[in-house]
Amino acid sequence: MALLDIVNFNSDASCMSSKKWLKSLEGGNKSIFCKFLSSYINHQRKVNIGFTGVTIKDLAFYNPEALEMINEYPDLFEILPRCFSHDLSPLCNTKGFRLNLETGLKTVKEYFNNYNNAFLQNEVMILNHQIEIICEYGIEAIFIRPERFNESVQAIIPPHSYYCRGTGRSKILNIPMYPKLDLHYLSVLHGETPPSHWIELNNNSDLKVLWRDGESAFLFPAGIEIEERVLKEENKHNIKRYLLSEKLKSFHQNAQTTNMEYHLKHFPHHPLDHWLKDFKMLWVLERLNDIEKNIDKESSIIQKMWLLAINSDIMASSEKPAPTIKVHPEVFNVPRDHISWDGVIGDEKASTLSLLRSERYFEGEEYIELLEKLLSNRISEKQLIEFVKDSDEPHFRKVYSRVL
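299 is the number that numbering that gives the first Met the number 0 gives to position 300 of the sequence shown; each next residue is one higher, with no gaps.
Next up, the structure:
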């Protein structure tokens with residue numbers, strides 16, 4: 000009965016508005032975010048969390064109590080190195096990827112004490128020349144989700160950890176996620192199935208590696224409370240959780256015994272149709288790529304504004320339809336003026352919720368316009384700072400915490 004919980008926490012998730020996210024950070028150690036962390040502390044649940052750098056910057060400015068809480072419990076919280084912005088790395092050139100990586104790694108080391116050397120790549124995708132780059136920074140492991148590839152690729156992905164070759168003779172440990180386990184977790188989190196279903200899935204001796212989005216519990220009413228019940232049931236039934244550092248040695252040992260003759264030796268190319276489905280946002284890529292060509296020569300403010308604009312959820316908010324989920328009826332007991340209802344349409348009769356995509360695409364346009372005004376000297380950096388300081392709009396409040 001063992002679980003390795005790998006949590007991607009992306010505060011820019013396309014179904015979570017900037018307003019909703021910042022509201023979850025209000026209240027110091029009584030904030031919604033601290034309540035989320037307390038669930039793991041109260042029930043002694045170990046978790047490996049990969050915060051994007053921008054998420055960490057928001058926490059540091061608006062809810063530093065949360066960072067203190069994480070650092071206070073290194074036996075429960077282990078931090079996975081991440082990039083600064085939650086981008087689609089295959090679309091970046093080497094300069095852009097290095098900037099995002101270096102800024103992210105620097106941010107993790109600045110705010111956390113308990114981090115490891117396993118890199119949680121955005122959307123669990125990466126190019127092979129980017130593997131060579133992350134190896135330069137001492138990263139020893141990455142992850143792969145087999146079910147995201149077609150059947151022919153899935154057939155040659157080893158079932159256990161293995162060594163993946165990047166360019167330039169680089170080599171890195173690759174840890175496969177247990178297939179579709181996150182869907183079962185979401186089913187329990189939404190209240191569609193009872194916590195006992197989750198216990199049954201994990202009630203054996205095998206170690207399962209779970210990948211999931213940590214912000215899922217923030218997207219709908221009662222999500223934080225339901226997740227705490229799941230964690231409580233895990234504890235009650237002795238589902239053992241591990242920090243990745245406790246299992247890295249055994250993953251390396253497994254990789255050394257994997258016969259790679261008939262298996263995948265390099266990281267496969269990830270499909271991008273989810274983010275470029277209708278090519279509505281193709282113009283965004285063109286404008287960002289133009290700026291990226293000389294991004295290493297630009298000022299810190301321009302570089303960080305560019306990092307905000309490459310967020311993959313800018314495209315997702317425009318390209319992806321709103322998901323509809325089945326939920327437990329108790330969700331509808333939450334008062335409709337609670338912030339958790341922001342961006343959510345409920346059908347109580349059908350016990351379903353529609354999670355609307357946020358206006359991240361509009362925020363992206365604003366970021367790019369400001370970038371181009373800076374680059375063409377239509378505004379100065381001083382004017383940008385004044386503009387952001389005077390704004391009470393949530394997406395500019397994020398600029399303040401992340402850039403300035």
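C-beta atoms are modelled at their ideal positions from N, C-alpha and C, and glycine is treated no differently.
Nearest residue (CA-CA) to residue i, options the options
i       : options                            : result
Met-259 : Ile-156, Asn-92, Ser-23            : Ile-156
Arg-144 : Tyr-39, Glu-385, Ile-5             : Ile-5
Glu-135 : Gly-52, Leu-104, Tyr-110, Ser-160  : Leu-104
Gly-27  : Phe-60, Cys-14, Met-15, Ser-16     : Phe-60
Asn-70  : Leu-36, Leu-90, Ile-367            : Leu-36
Phe-83  : Gly-95, Pro-320, Tyr-72            : Gly-95
Phe-76  : Pro-320, Ala-65, Glu-347           : Ala-65
Tyr-177 : Pro-158, Val-187, Pro-194, Ser-195 : Pro-158
Leu-287 : Met-314, Pro-320, Lys-276, Asp-277 : Met-314
Lys-354 : Ser-390, Gly-363, Val-343          : Residue identity check: residue 354 is Leu in the sequence provided, not Lys. Minimum Cα distance to Leu-354 is reached at Val-343.
Ala-1   : Leu-306, Leu-369, Ile-198, Ala-254 : Ile-198
Ser-88  : Leu-271, Leu-369, Phe-331          : Leu-271
Leu-126 : Pro-193, Pro-267, Thr-51           : Pro-267
Val-152 : Glu-291, Glu-232, His-265, Lys-235 : His-265
Gly-190 : Tyr-161, His-269, Pro-220          : Pro-220
Ile-174 : Lys-207, Asn-293, Glu-285          : Lys-207
Gly-52  : Cys-33, Lys-45, Leu-79, Phe-32     : Leu-79
Asn-121 : Ser-169, Leu-352, Val-46, Asn-7    : Asn-7
Glu-285 : Asn-253, Ile-309, His-273, His-269 : Ile-309
Thr-192 : Leu-21, Leu-3, Glu-380, Ile-324    : Ile-324
Residue range of the alpha helix (DSSP H) that includes residue i
i       : result
Cys-33  : 31-41
Lys-19  : 17-22
Arg-405 : Examination of residue 405 is not possible in this model, given that the chain is present from 0 through 403 alone.
Val-53  : 52-61
Ala-315 : 311-318
Phe-386 : 380-388
Arg-228 : 222-235
Val-152 : 150-153
Secondary structure of residue i, DSSP reduced to three states
i       : result
Glu-77  : strand
Lys-207 : strand
Leu-172 : strand
Lys-348 : coil
Leu-104 : helix
Ala-216 : helix
Lys-397 : helix
Ile-198 : helix
Ser-186 : helix
Asn-47  : strand
Ile-456 : There is simply no residue 456 to check, as the chain begins at 0 and stops at 403 in what is shown.
Thr-339 : Going by the sequence as given, residue 339 is Ser instead of Thr. Three-state result, Ser-339: helix.
Ser-13  : coil
Arg-240 : strand
Leu-119 : coil
Tyr-114 : strand
Leu-66  : helix
Ser-353 : strand
Val-492 : With the chain represented from 0 up to 403, any question about residue 492 goes unanswered, as that position is not in the structure.
Lys-248 : helix
Lys-94  : helix
Asn-147 : In the sequence under discussion, the amino acid at residue 147 is Arg, which differs from the Asn named in the question. Residue state, collapsed to three classes: helix.
Asp-391 : coil
Ser-84  : coil
Glu-109 : helix
Leu-403 : coil
Gly-26  : coil
Residue i versus residue j: straight-line alpha-carbon distance, rounded
i       : j       : result
Lys-19  : Phe-217 : 9 Å
His-128 : Asp-295 : 19 Å
Lys-56  : Ile-301 : 17 Å
Gln-43  : Gln-382 : 48 Å
Ile-141 : Arg-396 : 32 Å
Glu-347 : Glu-365 : 36 Å
Ser-339 : Ser-298 : 37 Å
Ser-10  : Ser-357 : 12 Å
Met-304 : Val-402 : 7 Å
Lys-279 : Tyr-360 : 10 Å
His-251 : Asn-237 : 26 Å
Asn-409 : Ile-48  : Residue numbering for the chain in the displayed model covers 0 to 403; residue 409 lies beyond these limits and cannot be assessed.
Tyr-110 : Leu-24  : 17 Å
Ser-17  : Tyr-261 : 46 Å
Lys-276 : Trp-282 : 14 Å
Leu-306 : Ser-195 : 42 Å
Lys-108 : Val-123 : 21 Å
Asp-336 : Val-229 : 26 Å
Endpoints, beta strand (DSSP E) assigned at residue i
i       : result
Ala-1   : 1-8
Lys-325 : 323-325
Asn-127 : Careful: Asn-127 lies outside any beta strand (DSSP E), inside the alpha helix (DSSP H) at 127-135.
Arg-164 : 161-164
Phe-405 : The structure shown does not extend to residue 405, since the chain is modelled only from 0 through 403, so no value can be given for it.
Ordered list of alpha helix (DSSP H) runs contained in the segment 250-305, each at least 4 residues
281-291
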